[in-house]
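Residue numbers (my numbering): 537 to 710. Cβ atoms here follow ideal geometry from the backbone N, Cα and C, with glycine treated the same way. Remarks on the structure that follows.
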């Protein structure tokens with residue numbers, strides 16, 4: 537499982553059971569400080585199946601990341617690749633999306649969880665959502681899940697928090 541923009545490793549506890557005893561979790565993030573926290577989390581829980589790679593997913597090629605992963609004992613391609621609240625933080629998120637696709641096996645699963653302005657009655661919370669995204673450095677209007685909708689097969693979608701949170705999962709086509 538490949539987690540692009542893994543930050544402090546908040547997804548790791550949620551996917552440990554899913555990857556199983558023979559599976560590997562690869563976290564990629566450009567921030568050494570975030571990866572240090574992710575490493576502490578993995579050590580604290582005794583997870584020996586976590587590989588952390590410091591790389592900017594918008595600038596490193598899929599090949600460069602793959603080389604780093606295999607050097608550390610992982611597989612060059614992932615069956616599941618996700619980005620959680622990460623792509624909207626990247627000015628050139630399309631590059632990271634391309635990297636995600638290239639690092640995913642054919643028919644592998646891709647997932648994007650990100651944010652947009654709230655909709656419907658929750659639109660009243662738009663100023664709060666915009667401020668929170670601005671403070672965190674996210675582009676609330678990036679809508680990176682649309683790339684997954686465009687490029688993937690068997691797309692499933694969900695939203696939460698008045699449409700503010702957008703979730704898309706799909707399969708990498710042949």
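Contacting residues, own chain, Cβ-Cβ under 8 Å from residue i (five flanking each side not counted)
i, result
"residue 690", "706, 707"
"residue 587", "560, 561, 562, 563, 605, 608, 609, 610"
"residue 677", "652, 653"
"residue 696", "703"
"residue 659", "653, 698"
Inter-residue Cα distance where the pair is residue i and residue j
i, j, result
"residue 648", "residue 539", "10 Å"
"residue 684", "residue 564", "19 Å"
"residue 624", "residue 635", "15 Å"
"residue 642", "residue 603", "19 Å"
"residue 712", "residue 631", "The requested residue 712 is not part of the displayed model; the chain covers only 537 to 710."
"residue 598", "residue 582", "28 Å"
"residue 545", "residue 633", "19 Å"
Residues near residue i in its chain [Cβ-Cβ closer than 7 Å; skip 5 each side]
i, result
"residue 640", "613, 614, 617, 646, 708"
"residue 551", "537, 561"
Other residues of its chain near residue i: CB distance less than 6 Å, five sequence neighbours each side excluded
i, result
"residue 596", "none"
"residue 654", "661, 662, 665, 698, 699, 700"
"residue 692", "705"
"residue 628", "594"
Bridge partner(s) assigned by DSSP for residue i
i, result
"residue 648", "619, 704"
Supposed contact pair residue j and residue i - C-beta distance, whole angstroms, cut 8 Å
i, j, result
"residue 541", "residue 593", "7 Å"
"residue 590", "residue 566", "7 Å"
"residue 670", "residue 650", "Actually they do not touch by this definition, with Cβ atoms about 15 Å apart."
Proximity test, Cβ basis, 8 Å: residue i and chain C
i, result
"residue 705", "Looking for chain C here will not work: only one protein chain is present."
Report the residue ranges of all alpha helix (DSSP H) runs contained in full by the stretch 588–636; include only those spanning at least 4 residues, in chain order.
598–607
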